[in-house]
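Take 1 as the starting number for the sequence shown in my numbering and just add one per residue.
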Amino acid sequence: TAEELVADLKADIAAMAARHPDWDGKTAAVAYYWGGTLGVYAGDDIRPLLLSNLGFRTPSAVDAAAGPGEFALTLSEEELQVVDADLLIWVTDGSDEQRNLIANMPLRPALTAYQEGREVFTDGDLTGAFSHGSLLSIPFALSTLEPRIAAAMDGDPATRVPE
1 TAEELVADLK
11 ADIAAMAARH
21 PDWDGKTAAV
31 AYYWGGTLGV
41 YAGDDIRPLL
51 LSNLGFRTPS
61 AVDAAAGPGE
71 FALTLSEEEL
81 QVVDADLLIW
91 VTDGSDEQRN
101 LIANMPLRPA
111 LTAYQEGREV
121 FTDGDLTGAF
131 SHGSLLSIPF
141 ALSTLEPRIA
151 AAMDGDPATR
161 VPE
């Protein structure tokens, strides 16, 4: 039944959080660079809400800058520091073009998340699952994100985050 599927999903999320107690209380920002627009999702969006169930919290600078009821905040590249967090997830379509746009932002090397290897990049499939946030897509998003987040949060900047 649907109730059983929801219960199973909640149990899977709780188990993932339990496997990574060090994530509790850390900040996580979910950012994007689409069509020449830089942005970050506010804490009420499905992506940060899912991460909050794993112990992460949205950086206060993000929620402070987002207006009431806004699910995302558009930024200029000069405001990139707003997305800096203990974990920075870049939502992308997986293309080299989009990855290069992010990689070539002049202020990105100033981000602590960049310097400490705590960035995770999604591809098209993961972006779809993470963004749709359905009962069927969340398990895929979680199973794909877990090893990436674990690598990014291991405390060693030299660890390669899987893609």
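In this text, a Cβ means the ideal position worked out from N, Cα and C, and glycines have one as well.
Considering only residues of the region 79-151, which uninterrupted alpha helix (DSSP H) runs meet the minimum length of 4 residues and lie entirely inside it, listed in chain order? 96-103, 112-115 and 124-132
PHE71 classed as buried or exposed, judged by whether at least 16 other C-beta atoms fall within 10 angstroms: Taking the first residue of the sequence shown as 1, we reach residue 71 at position 71. When all chains shown are included, PHE71 counts as exposed.
Between which two residues does the alpha helix (DSSP H) containing ALA158 stretch? Here residue 158 refers to the residue found at position 158 of the sequence shown. Per DSSP, ALA158 belongs to no alpha helix (DSSP H) and is neither H nor E.
Beta-carbon gap between THR74 and GLY43 smaller than 7 Å: Taking the sequence shown and counting its residues from 1, the one referred to as residue 74 is at position 74. Taking the sequence shown and counting its residues from 1, the one referred to as residue 43 is at position 43. Not closer than 7 Å, so no.
Closer than 6 Å: GLY67 CB and nearest the ligand MN heavy atom: Because no ligand of any kind appears in the structure shown, any question about the ligand MN cannot be addressed here.
Taking 8 Å as the cut-off, does the region 101-115 touch the region 126-141 (at least 3 CB pairs, one atom from each stretch)? no
Identify which residue in PRO147, ALA28 and ALA129 has its Cα closest to the Cα of GLY55. Taking the first residue of the sequence shown as 1, we reach residue 55 at position 55. Measuring from the Cα of GLY55, the nearest candidate turns out to be ALA28.
Quick check: the region 6-19 against the region 93-103, are there 3 or more CB pairs under 8 Å? no
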